[in-house]
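Right, one structure below, let's go through it.
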Amino acid sequence: NYPFSLRAITFYRPLGARTTFETWHDRGHSFPPRGSPALKQWLAIEANPNAKHQAAAEKWVETRLDEIKTLPDLVDQWVALRDLEGTPFL
5 NYPFSLRAIT
15 FYRPLGARTT
25 FETWHDRGHS
35 FPPRGSPALK
45 QWLAIEANPN
55 AKHQAAAEKW
65 VETRLDEIKT
75 LPDLVDQWVA
85 LRDLEGTPFL
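Residue numbers in the sequence shown follow my numbering, run continuously in steps of one, and reach 94 at the last position.
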């Protein structure tokens, strides 16, 4: 999947699209059981761009940061923070 994702990013970014790359560590090719947070966020924004997403975004980011703080490995925390910055709610 990585080569196709990379190809999409390099094709769409020059056209002005905001592209993201969501990594699911330790999942292999399986889809997360609760779905993709970034995809859910993007769909919520695209489906209703005039809605106020600020409160939901703040709550989600706060929860995610609390989860990241519990990771024992600092490298894992760094990777999770790097992944976080590519999410639509951020």
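C-beta atoms are modelled at their ideal positions from N, C-alpha and C, and glycine is treated no differently.
Three or more C-beta pairs below 8 Å linking the segment 11-25 and the segment 57-67:
no
What does the alpha-carbon distance come out to for the pair Trp82 and Asn54?
33 Å
How far does the alpha helix (DSSP H) with Glu26 in it reach, from first residue to last?
Note, Glu26: premise wrong, no alpha helix (DSSP H); not H, not E.
Out of curiosity, what's the CA-to-CA distance linking Ile72 and Glu89?
13 Å
Would you kindly work out how many angstroms separate the C-alpha atoms of Leu2 and Thr74, rounded to a whole number?
The structure shown does not extend to residue 2, since the chain is modelled only from 5 through 94, so no value can be given for it.
Every unbroken alpha helix (DSSP H) within the segment 35-61, with a cutoff of 4 residues, ordered by chain
41-51
Would Ala42 and Thr91 qualify as a contact pair, given that the criterion is a beta-carbon distance under 7 Å?
yes
Extent of the continuous alpha helix (DSSP H) run through Phe8:
6-16
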